[in-house]
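The numbering used here numbers the first residue of the sequence shown as 1 and each following residue consecutively. Here the structure comes first, spelled out in structure tokens, and everything after it is commentary.
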Amino acid sequence: MEGVDQSPAAALNQRRQEFSKVFQYYLDKSNPYALCRWIGILAVVLVYALRVYWIQGFYVVNYALDIYILNLLMGFLSPLVDPELESSDYSPCRYAITKALCIGFVMTFFSMFDIPVFWPVLLFYWIVLFVLTMRRQIMHMIKYKYIPFNLGKQTYKGKKPAASSPLAN
Numbered sequence: 001m002e003g004v005d006q007s008p009a010a011a012l013n014q015r016r017q018e019f020s021k022v023f024q025y026y027l028d029k030s031n032p033y034a035l036c037r038w039i040g041i042l043a044v045v046l047v048y049a050l051r052v053y054w055i056q057g058f059y060v061v062n063y064a065l066d067i068y069i070l071n072l073l074m075g076f077l078s079p080l081v082d083p084e085l086e087s088s089d090y091s092p093c094r095y096a097i098t099k100a101l102c103i104g105f106v107m108t109f110f111s112m113f114d115i116p117v118f119w120p121v122l123l124f125y126w127i128v129l130f131v132l133t134m135r136r137q138i139m140h141m142i143k144y145k146y147i148p149f150n151l152g153k154q155t156y157k158g159k160k161p162a163a164s165s166p167l168a169n
């Protein structure tokens, strides 16, 4: 084993970095294809939902995943620069949602994450949290008059002609 002077941790870190570069390459190449990306996310959501429905469990994992996705949704609905905070450091992305769904999917294969809980209580808590959070976010959007997404290229009609008055002649 001459010439191999890497520890297992260093070799694992190198493999992780190589994988990260390849993954980022394909992520960048998929950037122009927004519809395909969203279809891919919906496919991951469908696979996850079918898995959880099939095994009838992992309600705490679902609850945590739903709260995380709600947090990402709030970041999406926030303006790029928040007028109250004057910061632009939060930029949610579809990659974070996909990664969270994949982690949740893997967690459903380990019974230690299937904590027994009365799921209607979790559902009620989540609905209350969603309603209160969305109400606050919508009030923020109304207060600062913004919409969270781009509706395409803006068109300007120019200045309106001044109304001619009879005294001007």
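The beta-carbon is built from N, C-alpha and C at its ideal position, and this holds for glycine as well.
Asked, Found
"Classification of F110 by the beta-carbon crowding that lies within 10 angstroms, buried from 16 upward", "exposed"
"Helix, strand or coil at Y144 [DSSP, three-state]", "helix"
"Residue range of the alpha helix (DSSP H) that includes Q14", "P8 to K29"
"Length of the line joining the Cα atoms of S88 and G75", "A caution first: S88 carries a pLDDT of 44, below 50, which makes its placement in the model too unreliable to give a value."
"Helix, strand or coil at D114 according to DSSP, with G and I counted as helix", "coil"
"Enclosing alpha helix (DSSP H) for G75 [first to last residue]", "Y59 to L77"
"Residue of V52, F23 and A96 minimising C-alpha distance to I41", "A96"
"Reference W54; option with closest CA among L132, K21 and F105", "F105"
"Element boundaries [alpha helix (DSSP H), containing Y33]", "Counting along the chain, Y33 falls outside any alpha helix (DSSP H), and DSSP gives it neither H nor E."
"Inter-residue Cα distance where the pair is A10 and C93", "30 Å"
"Through-space distance from G57 to L50, alpha-carbon basis", "12 Å"
"Neighbourhood of L122 by C-beta distance below 6 Å, restricted to the same chain and skipping five residues each side", "Y59 and Y63"
"N- and C-terminal bounds of the alpha helix (DSSP H) containing F102", "Sequence inspection shows Cys at residue 102; the Phe mentioned does not correspond to that position. Unbroken alpha helix (DSSP H) run through C102: R94 to M107."
"Inter-residue CB distance, V61 and M107 (contact presumed, cutoff 8 Å)", "5 Å"
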